[in-house]
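Input: a single structure, listed below in structure tokens.
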Amino acid sequence: MDKKQMFEALERKKQQYFDAADRIWEHPETSFEEYFAADLLCGLLEKEGFAVTRPLAGMETAFLGRFGSGHPVIGILGEYDALYAMSQEADAAQPKPTGEKGHGCGHNLLGAGSLAAAVAVKDYLQENGKEGTVIYYGCPGEEGGSGKAFMAREGVFDGLDAALTWHPGDINAANSVSTLAVFKVHYHFTGRAAHAAACPQLGRSALDAAELMNIGTQFLREHIIPEARIHYAIVNAGGKSPNVVQPEAENSYYIRAPRLSQVRELKERVDDIARGAALMTGTSVDIRMINSTANVIPNDVLSDVMARNLQEAPLPVYTQEEREYAKTFVNALEAPSTLLSDMAAKLGEKAAGIAKLAAGREIYDFPVPNFRLNMCLSSSSDVGDVSWNCPTSQIMAATMAAGTPSHSWQRTAQGKSAVAHKGMLYAAKVIAGSAVDLLEDPKLLKQARQEYDRRLGGETYVCDIPADAKPVPTESDE
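Using this note's numbering, you'd call the opening residue of the sequence shown number 483 and step up by one each time.
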């Protein structure tokens with residue numbers, strides 16, 4: 483079996499992957515509650531001859547499917563969690579919520595598409611009698627839950643030679659980019675209740691402490707690196723009665739920076755502000771790390787391999803009806819994604835051809851060259867925790883209309899479309915083709931490992947989630 487034959491085999495099985503993606507879309511489940519999706523994907527893996535391990539790392543909806551033996555060991559990452567407040571009627575180009583949860587980030591496609599790639603690699607190994615191992619990782623709780631960080635904490639990714647993954651988007655691209663590391667921390671203040679009018683002197687306001695912490699953080703912002711970000715929400719204001727001195731309150735913080743070491747240092751400064759707020763108000767504060775996500779360590783060697791396969795794999799061919807479908811969503815966008823234009827602006831003249839090619843298109847139906855951007859995106863992804871454990875690369879594949887923003891009803895609406903299916907299948911071919919290249923050319927893995935070591939610069943991965951911390955279902959997103 484060669485790559486072309488592998489792609490043909492993938493085509494013959496495509497309907498089972500389309501059906502899986504659609505069924506996950508129809509049963510949206512948020513972080514660490516993805517039981518339907520996990521059952522469905524594990525069933526497909528077992529049907530295809532993978533040895534399935536579940537639960538994994540103490541999470542009922544985490545699992546892996548393994549096929550083959552020996553090295554190289556290639557990991558393929560899948561996700562399948564949905565988002566709160568992202569429900570939407572399928573194919574409707576105007577807001578029509580149908581419930582509470584929805585796949586506003588396309589993880590129904592991500593989970594099924596990555597599984598399709600893993601099965602294709604399995605078929606290649608099996609047909610050719612080759613040594614090597616492919617592992618599909620079912621990763622829950624990406625949306626604010628740091629599922630892969632919990633998996634990394636338990637050593638789930640140890641022994642991998644490389645990890646490959648993708649994400650649904652509006653472009654086809656493999657670029658070496660990083661993301662911000664992030665800590666999610668809760669600050670719980672405890673005070674003393676009292677009647678706010680009759681005896682306020684007896685009270686110690688936890689709500690005052692929470693607000694003073696937030697004010698102190700505003701003054702901190704001037705004195706941190708410009709790439710850092712601090713977000714907060716008061717998740718417990720203590721109560722609804724103004725005439726009571728609130729005895730408890732809680733802040734939830736996201737603290738981000740380009741490197742884990744920078745987030746650790748910044749968290750200590752925020753912690754000190756919280757302690758100061760407690761001191762000022764005569765209250766106490768309990769600081770609890772909920773989860774953490776590492777920054778992505780990019781890998782140019784693997785990105786180049788993925789970029790070549792973006793060129794080699796057959797691009798989706800869209801019908802006129804599918805293009806008209808996409809155009810209805812382009813026309814419905816209030817705040818289009820600017821990812822492609824931002825990329826072109828950063829590269830200047832080097833990317834002028836890309837900007838010209840993209841102009842007026844309803845689907846970005848071409849692969850973007852690998853410009854090796856080496857830029858840091860302002861978002862966060864728990865793929866970062868995998869990338870600290872082995873060389874890792876991620877592509878984007880166009881599964882929606884040009885300019886469709888992430889975490890939007892427009893993205894949810896397009897999640898079962900023919901455009902989505904074709905983009906998902908293309909991503910599966912690119913990942914499978916890249917895995918075959920790594921299996922066939924050991925030099926690539928050696929070069930990827932050398933780059934990985936160089937980028938780490940002697941640092942080693944330390945998961946900042948405490949050993950006793952458990953995954954928490956969350957409504958947050960990253």
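Don't be surprised by glycine CBs; every beta carbon is placed ideally from N, CA and C. In this text, all values refer to a predicted model and were calculated from it rather than measured experimentally.
(request) Please go through the stretch 687 to 726 and give each complete alpha helix (DSSP H) segment of 4 or more residues, from N-terminal end onward. (result) List check, alpha helix (DSSP H) in window: 688 to 702.
(request) Determine the DSSP secondary structure at Lys583, reduced to helix, strand or coil. (result) The sequence position of residue 583 within the sequence shown is 101, counting from 1. Lys583: strand per DSSP, three-state reduction.
(request) Over the uninterrupted alpha helix (DSSP H) stretch that includes Met788, give me the two end residues. (result) For this step, residue 788 is matched to residue 306 along the sequence shown. Annotation for Met788: the continuous alpha helix (DSSP H) segment containing it runs Asp782 to Glu794.
(request) Could you check if Asn871 is buried or exposed, using at least 16 other CB atoms within 10 Å of its CB as the buried criterion? (result) As a first step, residue 871 must be located in the sequence shown, where it is residue number 389. That one is buried.
(message) For the alpha helix (DSSP H) containing Tyr669, name the first residue and the last one.
(response) Start at 1 with the first residue of the sequence shown, and residue 669 comes out as number 187. Tyr669 -> not in any alpha helix (DSSP H); beta strand (DSSP E) instead, spanning Ala663 to Thr672.
(request) Following the continuous alpha helix (DSSP H) through Phe853, name the residue where it begins and the one where it ends. (result) Translated into positions along the sequence shown, residue 853 becomes position 371. For Phe853, no alpha helix (DSSP H) segment is defined, and its DSSP state is neither H nor E.
(message) Here's the rule: buried if 16 or more other CB atoms are within 10 angstroms of the residue's CB, otherwise exposed. What is Pro537?
(response) Within the sequence shown, numbered from 1, the residue matching residue 537 stands at position 55. With fewer than 16 Cβ atoms within 10 Å of its Cβ, Pro537 is classed as exposed.
(request) Measure the Cβ-Cβ separation of Glu508 and Ala519 and say whether it is below 8 Å. (result) Here residue 508 refers to the residue found at position 26 of the sequence shown. Here residue 519 refers to the residue found at position 37 of the sequence shown. It is not a contact, given that the beta carbons lie outside the stated cut-off.
(request) Would you identify the three-state DSSP class for Phe518, choosing helix, strand or coil? (result) Stepping through the sequence shown from its first residue, residue 518 is reached at position 36. Correct three-state label for Phe518: helix.
(message) Considering Cα atoms alone, identify which of Leu822, Glu515 and Phe632 is closest to Ile772.
(response) Translated into positions along the sequence shown, residue 772 becomes position 290. With distances taken between Cα atoms, Ile772 lies closest to Phe632.
(message) Pull the bridge partners of Thr615 from the DSSP assignment, please.
(response) One-based indexing of the sequence shown puts residue 615 at position 133. Paired residue(s): Gly550 and Val555.
(request) Quick one: residues in its chain with C-beta nearer than 7 Å to the C-beta of Leu522, no 5 flanking neighbours on either side, listed in chain order? (result) As a working mapping, residue 522 is identified with position 40 in the sequence shown. Ala502, Arg505 and Ile506.
(message) Within 8 Å, do at least three Cβ pairs link the stretch 754 to 764 to the stretch 853 to 873?
(response) Look at the beta carbons and you see the stretch 853 to 873 not touching the stretch 754 to 764: under three pairs across the two are nearer than 8 Å.
(message) Is it buried or exposed, Pro682, if we count other Cβ atoms within 10 angstroms and call 16 or more buried?
(response) Along the sequence shown, one-based indexing puts residue 682 at 200. In the assembly as shown, Pro682 is an exposed residue. Its beta-carbon has fewer than 16 other beta-carbons within 10 Å.
(request) Please name the residue or residues paired with Arg770 in a DSSP beta bridge. (result) Taking the first residue of the sequence shown as 1, we reach residue 770 at position 288. Paired residues: His668.
(message) Looking at Ser678: is its Cβ nearer than 8 Å to the Cβ of Val726?
(response) Taking the first residue of the sequence shown as position 1, residue 678 is located at position 196. Taking the first residue of the sequence shown as position 1, residue 726 is located at position 244. Checking the displayed sequence, the identity of residue 678 turns out to be Ala instead of Ser. Yes, Cβ-Cβ distance for Ala678 and Val726 is below 8 Å.
(message) Any contact between the stretch 875 to 890 and the stretch 772 to 792? By contact I mean 3 or more CB pairs, one from each, below 8 Å.
(response) By the C-beta criterion, the stretch 875 to 890 is judged to be in contact with the stretch 772 to 792, since at least 3 inter-stretch pairs fall below 8 Å.
(request) Figure out for me which residue from Ser658, Leu742, Ala600 and Leu938 has the closest Cα to the Cα of Phe665. (result) Position 183 of the sequence shown, counted from the first residue, corresponds to residue 665. Minimum Cα-Cα distance from Phe665 among the listed residues Ser658, Leu742, Ala600 and Leu938 corresponds to Leu742.
(message) Please report the straight-line C-alpha distance between Gln497 and Leu907, rounded to a whole angstrom.
(response) Numbered from its first residue, the sequence shown carries residue 497 at position 15. Numbered from its first residue, the sequence shown carries residue 907 at position 425. CA-CA distance, Gln497 to Leu907, rounds to 10 Å.
(request) Would you decide whether His713 is buried or exposed? Buried here means 16 or more other CB atoms lie within 10 Å of its CB. (result) Here residue 713 refers to the residue found at position 231 of the sequence shown. By the 10 Å Cβ count, His713 comes out exposed.
(message) Between which residues of its own chain and Asp959 is the CB-CB distance below 7 Å, once the five residues before and five after are set aside?
(response) Here residue 959 is taken as the residue at index 477 of the sequence shown, counted from 1. In this prediction, Asp959 has a pLDDT of 41, which is less than 50 and means its spatial position is unreliable; what the coordinates show is noted afterwards. Answer for Asp959: Leu565, Glu625, Gly626 and His889, listed in chain order.
(request) Count the C-beta pairs between the stretch 896 to 913 and the stretch 802 to 818 that are closer than 8 Å, then say yes if the count reaches three, no if not. (result) These segments touch.
(request) May I ask you to report which of helix, strand or coil DSSP gives Asn733? (result) Here residue 733 corresponds to residue number 251 of the sequence shown, with the count starting at 1. Here Asn733 sits in strand by DSSP.
(message) My output table needs one value for Gln876: the three-state DSSP class, helix, strand or coil.
(response) Taking the first residue of the sequence shown as 1, we reach residue 876 at position 394. Shown here, Gln876 sits in a strand according to DSSP, grouped into three states.
(request) Please say whether Ala491 and Asp605 have beta carbons closer to each other than 8 Å? (result) Within the sequence shown, the letter at position 123 stands for residue 605. Within the sequence shown, the letter at position 9 stands for residue 491. It is a contact, given that the beta carbons lie within the stated cut-off.
(message) Can you give me the C-alpha to C-alpha distance between Arg494 and Asn733, rounded to a whole angstrom?
(response) In the sequence shown, the residue the question calls residue 494 occupies position 12. In the sequence shown, the residue the question calls residue 733 occupies position 251. Computed Cα separation, rounded: 51 Å.
(request) Let me know the secondary structure DSSP gives Leu815 once reduced to three states. (result) Within the sequence shown, residue 815 is the residue found at index 333, counting from 1. Looking at Leu815 - three-state DSSP - the assignment turns out to be coil, as it is neither helix nor strand.
(message) What would DSSP say about Cys524, mapped onto helix, strand or coil?
(response) Against the sequence shown, residue 524 aligns to sequence position 42. DSSP, reduced to helix, strand and coil, places Cys524 within a helical segment of the structure shown.
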